[in-house]
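Enquirer: Here it is, the structure, as structure tokens.
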Amino acid sequence: MKRILVCLLVLLCLSAAAVSVRAAEGESGWEYDKETLTLYIYGEGSTADIKYDGWGKTVNPRTVIIGEGITAIGKNAFYSCTNLRSVQLPSTLKEIGESAFHGTSFEEFEVPEGVTKIGERAFAGCKYMKSIQLPSSL
């Protein structure tokens, strides 16, 4: 497992000129398009909790598209992704983790119907945020 992760990190560093970077493990994974600054997350279940800075230190996407089958966005997932302005959330989403979108650059955010839990400080530090639309499922 460690060998795979090290290889993925080396590949990420060496592929700076490539159009996309892809990492996958089992049934879930992600792909980043460097031309459009779009992060695609796919699979089933929950994304991982992250200690600090989420994707902001790795790829800092402008757009995130989360595929059907993902049910939860983990703690700090997009923390300090200061470039993040747009996200497409799946209908399967049930939970948004603590500080998941902290410090992003959203002006508006619509939480999809079916989400039943939003963690503390999920949208803290979003200095451009003008409105958040919440579903009746909360």
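In my numbering, the protein residues as written are 817 to 954. Ideal Cβ placement from N, Cα and C applies to all residues, glycine included. Every value quoted in this text rests on a predicted model; they were computed, and no experiment measured them.
What distance in whole Å lies between the Cβ atoms of serine 915 and glycine 935, which are believed to be in contact at a cut-off of 8 Å?
Expert: With a Cβ gap of about 7 Å, glycine 935 and serine 915 count as contacting.
Enquirer: Could you have a look at leucine 879 and say whether DSSP puts it in helix, strand or coil?
Expert: Going by the sequence as given, residue 879 is threonine instead of leucine. Here threonine 879 sits in strand by DSSP.
Enquirer: So, with DSSP's three-state summary, where would you put threonine 863?
Expert: Coil at threonine 863, not helix or strand.
Enquirer: Can you give me the start and stop residues for the beta strand (DSSP E) that tyrosine 856 sits inside?
Expert: First-last of the beta strand (DSSP E) with tyrosine 856: 854–858.
Enquirer: To the nearest angstrom, how far is it from the Cα of tryptophan 846 to the Cα of threonine 932?
Expert: Those two C-alpha atoms are separated by around 25 Å.
Enquirer: Could you say which of Gly930, Glu929, Phe925 and Gln949 lies nearest to glycine 942 if we only look at CA atoms?
Expert: Per the sequence presented here, residue 942 reads as cysteine, with glycine not at that position. Comparing Cα-Cα distances from cysteine 942 to each of Gly930, Glu929, Phe925 and Gln949, the minimum goes to Phe925.
Enquirer: Could you tell me if tyrosine 848 is buried or exposed, where buried requires 16 or more neighbouring beta carbons within 10 angstroms of its beta carbon?
Expert: Tyrosine 848 is buried by the Cβ-count criterion.
Enquirer: For alanine 864, which residues of its own chain have a beta-carbon under 7 Å away from its beta-carbon, when the five flanking residues on both sides are left out?
Expert: Gly890, listed in sequence order.
Enquirer: I'd like the span of the beta strand (DSSP E) that includes glutamate 926, first residue to last.
Expert: 924–926 is the extent of the beta strand (DSSP E) around glutamate 926.
Enquirer: If you draw a straight line from the C-alpha of glycine 861 to the C-alpha of isoleucine 886, how long is it?
Expert: Each residue's Cα considered, the two are about 5 Å apart.
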